[in-house]
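*Asks:* Next up is a structure, given as structure tokens.
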Amino acid sequence: MKIARNWILLLVVIIIVSVLLFITGRQHNIYIENKTVGEYAAVKDIKYSLDGEKEKKIKPNKRKAEVVKGRSHKLLVEFKDDSGVSQKIEKKFELKATEDVIIYLPILVNDGNNWIEEFVTKE
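For what it's worth, this note's numbering labels the leading residue of the sequence shown as 75, then goes sequentially.
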């Protein structure tokens with residue numbers, strides 16, 4: 075009886091550890107886009123840093139792909155506004171377990187609401 079209980083307990087622990095590793099170790103694709111979206115024009119001089127990594131510059135009408143691990147992330151965006159003054163925006167966001175997202179920088183720098191959305195591939 076004790077042997078069966080120990081095996082069941084071991085199995086439960088393995089399942090719990092597996093679920094935790096899946097959630098925390100899952101890689102997500104994050105697409106950073108600097109293209110004109112509706113009324114929001116692409117930003118000319120803009121840099122971004124994802125989760126404290128090295129800053130990366132993105133040209134207008136381009137999209138870059140980043141691969142991140144985990145659920146919670148921090149995006150730091152630095153750009154020059156119309157008057158040439160340097161601005162910084164920091165946003166924190168969380169992803170679902172199997173979610174890939176696209177971030178629209180022109181919407182983000184203009185305080186738009188839908189600056190992040192789930193990325194769905196066309197089939």
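Note that the Cβ used here is the ideal one computed from N, Cα and C, for glycine as well.
Fair warning: this is a prediction, and the values are worked out from it, not measured in the lab.
1. Anyone know if the C-beta pair for K109 and R79 falls short of 8 Å?
2. Please report the straight-line C-alpha distance between V175 and E192, rounded to a whole angstrom.
3. Taking all protein chains shown into account, do 16 or more other C-beta atoms lie within 10 angstroms of the C-beta of W189, making it buried, or fewer, making it exposed?
4. Please go through the same chain and pick out, in chain order, the residues whose beta-carbon is closer than 6 Å to the beta-carbon of D155, but skip the five residues on each side of it.
5. Please report how far the alpha carbon of S168 lies from the alpha carbon of L149, in whole angstroms.
*Replies:* Taking the structure as given:
1. Taking 8 Å as the Cβ cut-off, K109 and R79 do not qualify as a contacting pair.
2. Distance between V175 and E192, taken at the CA atoms: about 4 Å.
3. Classification of W189: buried, given that the 10 Å Cβ count is 16 or more.
4. If we look at D155 and ignore the five residues flanking it on each side, its Cβ neighbours are Q161.
5. It is worth fixing the name first, because residue 168 is Glu in this sequence and not Ser. Distance between the alpha carbons of E168 and L149 is about 11 Å.
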